[in-house]
Amino acid sequence: MLVLAPLLIIGLYVAMYILRTEKTGACKWRQVSKDAEGVDWACPVCGASARTVAGEPKHCGGQVPKL
Numbered sequence: 205m206l207v208l209a210p211l212l213i214i215g216l217y218v219a220m221y222i223l224r225t226e227k228t229g230a231c232k233w234r235q236v237s238k239d240a241e242g243v244d245w246a247c248p249v250c251g252a253s254a255r256t257v258a259g260e261p262k263h264c265g266g267q268v269p270k271l
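Going by our numbering, the first residue of the sequence shown is number 205, and it counts up by one from there.
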């Protein structure tokens, strides 16, 4: 059992890294407003904006600056 917990944690980090996409990797979504129709989001990093019914946007439509 003591060996299983660290392996699960490492596996979780590997899965999160694999599922991370370049499209949303640099985006920092901020909730702008909320009403009965959905939630407005904005990304200060790339300037994208989106509207969703539940949760943060999955894809970023803006151009992320290359550093």
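In this text, a Cβ means the ideal position worked out from N, Cα and C, and glycines have one as well.
Report the three-state DSSP secondary structure of residue 252 (helix, strand or coil).
-> coil
Can you name the residues that DSSP bridges to residue 246?
-> Answer by DSSP bridge pairing, in chain order: 234 and 253.
Indicate whether residue 232 and residue 247 have their beta-carbon atoms separated by less than 8 Å.
-> With contacts defined as CB atoms closer than 8 Å, residue 232 and residue 247 qualify as a contacting pair.
Of all the options 212, 255, 249 and 217, which has the alpha carbon lying nearest to the alpha carbon of residue 238?
-> 255
Buried or exposed by the 16-neighbour rule on C-beta atoms within 10 Å, applied to residue 209 = Around the Cβ of residue 209, a 10 Å sphere holds fewer than 16 other Cβ atoms; the residue is exposed.
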